[in-house]
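Down below is the structure, laid out as structure tokens.
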Amino acid sequence: MYSISNKILIEKRIPVEEDTFINAEIGELAGVKFSCCNCGLENSIKITPYETGFPVFQLYDDEKVLAKNELLSNKIVSETSKNSLHFGELTVNDLPTLYFGTDCPSCGFKYICVFSYGEKQPGLTLLSISGVWKYS
Ligand SMILES: [Zn+2]
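Everything in the sequence shown is counted per numbering that gives the first Met the number 0, starting at 0 for the first residue and increasing by one.
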């Protein structure tokens with residue numbers, strides 16, 4: 000799991016096994032599972048709240064890694080609602096949004112995963128995985 004600081008090209012979306020975790024599920028089993036589109040290996044990454052990931056803002060800051068419109072057109076994030084703008088201009092579900100890069104341990108194909116984590120409403124903590132994309 001790593002951060003990305005150079006310009007990348009989003010190639011395609013990779014289906015994930017499960018994309019929404021609520022409350023206690025998050026501590027127990029929140030993880031991203033997807034099959035590598037090259038070698039078929041199942042990649043499995045555990046998400047630990049407040050440890051896993053880097054602010055998604057770092058991707059579109061000065062459009063260093065990805066332009067805002069690339070993030071929007073690939074449906075990686077959405078424009079944040081007015082009353083949640085403190086979480087940043089682009090988010091998933093109007094919650095703090097993070098990303099990480101990961102390489103398939105078998106063949107080295109590169110993937111980016113974007114997710115959000117936070118309290119959606121009192122008593123409802125939500126972890127939503129926006130998706131995993133193959134990039135180059
Ligand atoms: Zn692979």
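Ideal Cβ placement from N, Cα and C applies to all residues, glycine included.
Predicted model only: the values in this text are computed from it and were never measured.
Residue environment for Ile75: buried (at least 16 other C-beta atoms within 10 angstroms of its C-beta).
The C-alpha of Glu78 is placed about 21 Å away from the C-alpha of Lys11. Bridge pairing for Leu28: absent [DSSP]. Per the C-alpha coordinates, the member of Ile25, Gly130, Ser4 and Glu16 positioned closest to Tyr49 is Ile25. With respect to Val64, Ile3 sits close: the two C-beta atoms are nearer than 8 Å.
Placement of the Cβ of Phe33 at a distance of 7 Å or more from every heavy atom of ligand 1 is found. The segment 113-130 and the segment 20-35 touch, with three or more beta-carbon pairs separated by less than 8 Å. Listed in chain order, the non-local C-beta contacts of Glu41 below 7 Å within the same chain comprise Lys32 and Ser34, local neighbours out to five positions each way being set aside. With a cut-off of 7 Å, the C-beta of Ser43 is classified as distant from ligand 1, since no heavy atom of the ligand falls inside that distance. The residues Thr124, in chain order, have a CB closer than 7 Å to that of Glu118 in the same chain once the five nearest residues on each side in sequence are set aside.
Here DSSP, grouped into helix, strand and coil, assigns Ser72 to helix. Of the heavy atoms belonging to ligand 1, none sits nearer than 7 Å to the Cβ of Phe86. Separation of the CB atoms of Val131 and Ile13 is rounded to 5 Å, and the pair is thereby assigned contact status at 8 Å.
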